[in-house]
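Input: a single structure, listed below in structure tokens.
Number of protein chains: 2
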Amino acid sequence: MTDAAATKPSSPKRDQLLDTAWRLFYRDGYHAVGIDTILAEAGVAKMTLYNHFASKDELIAAVLEKRHQEFVGALNAALEKSGKTGAKRLLAVFDWLEEWMTSPGFNGCTFIRAVAEYPRAEERPHVVAAEHKQWVIDYLAELARAASLKDPASLGRQLALVMEGAIVTAHTFGAKRVGRLARESAQRLIGAS
Amino acid sequence: MTDAAATKPSSPKRDQLLDTAWRLFYRDGYHAVGIDTILAEAGVAKMTLYNHFASKDELIAAVLEKRHQEFVGALNAALEKSGKTGAKRLLAVFDWLEEWMTSPGFNGCTFIRAVAEYPRAEERPHVVAAEHKQWVIDYLAELARAASLKDPASLGRQLALVMEGAIVTAHTFGAKRVGRLARESAQRLIGAS
DNA sequence: CCCAATCTAGACAGATCTGTCTATCCGCTT
DNA sequence: AAGCGGATAGACAGATCTGTCTAGATTGGG
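Residue numbers (numbering that gives the first Met the number 0), protein chains in the order written: chain A, 0 to 192; chain B, 0 to 192.
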């Protein structure tokens, strides 16, 4: 048990598959990338993939789960590093968001895009993406609660709306001023709370 | 010239293709639906399709353009019918949004999903979707200006963020309370304006 | 009544898709 | 040295993908 919490047993080949798969899925889309492309790029045999994952959908689900772990880690690290507390900690989330959206290679949100390509609520990628989004909502609500803001649950949900909207808009048009705009919206929603 | 503004010459077969294509694309996704499925469902021969549209991407683009026209019509009609003016007219947009998100068959935003599946800014479906989203932003800004709110351009953009976020969230989890939440957020942003 | 435009079915090409199977081989442990 | 778990290449199945082409049917206007 060297790895954290609830991740699957990790092997080098498995990790390489997940990394390569994510890079391609994120760049081109889930349906647009075939298994064979991933295998060629990762330098891994087909049977190795199907030994680790039952199907392409399961591979996608595993990719999303791993990205979620990384997301949680990156967000926590950014907030720690910011040193902010209270309501400013909530705004630091939007600083971090802006940084991400303007970083090279930004291509929208891999989870939103999973929901878009797997529109039915029972499809595995959709389910995993929804779990991630629920986590984000709960996290924002928890920050609001820690900042002693009133009705933190509602505020968390509202800020999540702004976040999702910002990411989608940044992907549609390119980021430019979307980050600042989202931060301002967040500030106003917090202020009106 | 019986048809409005800047639409392509319309023929019965062409319309049927657009309708069927949209239904399937919206239900299952753009990559997930093959040309053959659309043809079978629409009862149209393959050459007819390729006589009207240069490629699948062009068909998708045409579908999105038509949906945009319908969107504009529906939104305008809803706002007229509401009879609201000023800032209340802005809120009526969010009433309309909630109605749509809770209506049967709601499956997210076809434009957002086009951006998700065609992530590169130069791909035709992405371009058409971006044009639609720009129209929405401008429309909200115009309503804000008509309501004599200050900095209507910024407010329009902020409200658009909330809208996008609401649609994505409703698709991810099912609508439930997302509509009301978005409306409240909008109200606060307008109030803080 | 015939011409021209439009649509038809269906074959076809050539690529690509997911997933399965086999037979081989490498490296580690005992 | 033997054996075993895991990885390998590559063939294979069977479906499906977009797009092209042909040759015949249908239809409405002059």
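Cβ coordinates follow ideal geometry from the N, Cα and C atoms, glycine included.
Simplified DSSP state of residue i, which is helix, strand or coil
i	result
valine 43 of chain A	coil
aspartate 2 of chain A	Unreliable placement is indicated for aspartate 2 of chain A, whose pLDDT of 38 sits below 50; no coordinate value is reported for it.
glycine 82 of chain A	coil
tyrosine 49 of chain A	helix
phenylalanine 105 of chain A	coil
tyrosine 25 of chain B	helix
serine 184 of chain A	helix
histidine 30 of chain A	coil
lysine 55 of chain B	helix
alanine 120 of chain B	coil
lysine 65 of chain B	helix
proline 8 of chain B	coil
leucine 148 of chain B	coil
lysine 175 of chain A	coil
alanine 191 of chain A	coil
arginine 112 of chain B	helix
leucine 16 of chain B	helix
Contact under 8 Å by Cβ, residue i with residue j
i	j	result
alanine 185 of chain A	leucine 158 of chain A	yes
alanine 140 of chain B	alanine 152 of chain B	yes
aspartate 56 of chain A	proline 118 of chain A	no
arginine 88 of chain A	tryptophan 21 of chain A	no
alanine 165 of chain B	alanine 181 of chain B	yes
glutamine 15 of chain B	alanine 41 of chain B	yes
methionine 252 of chain A	valine 177 of chain A	It is not possible to answer for residue 252 of chain A, since the shown part of chain A is limited to 0 through 192.
tyrosine 29 of chain B	glutamate 97 of chain B	no
histidine 36 of chain B	leucine 23 of chain B	Per the sequence shown, residue 36 of chain B should be read as threonine rather than histidine. Cβ atoms of threonine 36 of chain B and leucine 23 of chain B: closer than 8 Å.
valine 135 of chain B	glutamate 64 of chain B	no
tyrosine 25 of chain B	asparagine 75 of chain B	no
valine 114 of chain A	histidine 170 of chain B	yes
isoleucine 189 of chain B	leucine 148 of chain B	yes
aspartate 150 of chain B	serine 81 of chain B	no
valine 32 of chain A	glutamate 163 of chain B	no
alanine 77 of chain A	tryptophan 95 of chain A	yes
Range covered by the alpha helix (DSSP H) that runs through residue i
i	result
serine 153 of chain B	151 to 172
leucine 139 of chain A	123 to 145
Distance cut-off 7 Å: residue i Cβ against heavy atoms of the ligand HEM
i	result
arginine 156 of chain A	This structure lacks the ligand HEM, and indeed carries no ligand of any kind.
Residues of the region 92 to 117 of chain B whose Cβ lies closer than 7 Å to any Cβ of chain A, in chain order
Hits within the stretch, in order: Asn106, Gly107, Ile111, Arg112, Val114, Ala115 and Glu116.
Compile a chain-ordered list of the residues in the region 7 to 32 of chain B whose CB is closer than 9 Å to at least one CB of chain A.
Tyr25, Arg26, Asp27, Gly28, Tyr29, His30 and Ala31
Can you pull out the residues from the region 168 to 185 of chain A whose beta carbon lies closer than 9 Å to at least one beta carbon of chain B?
Thr168, His170, Thr171, Phe172, Gly173, Arg176, Val177, Leu180, Ala181, Glu183 and Ser184
Determine which residues of the region 140 to 165 of chain A have a Cβ less than 8 Å from any Cβ of chain B, and write them out in chain order.
Ser153, Arg156, Gln157, Ala159, Leu160, Val161, Met162, Glu163, Gly164 and Ala165
Which of the residues in the region 50 to 77 of chain A, read from start to end, lie with their CB under 8 Å from any CB of chain B?
none
Would you list, in chain order, the members of the region 35 to 50 of chain B that have their beta-carbon closer than 7 Å to a beta-carbon of chain A?
none
Can you list, in chain order, the residues of the region 117 to 138 of chain A whose Cβ is nearer than 9 Å to any Cβ on chain B?
Tyr117, Pro118, Arg119, Ala120, His125, Ala128, Ala129, Lys132, Gln133 and Ile136
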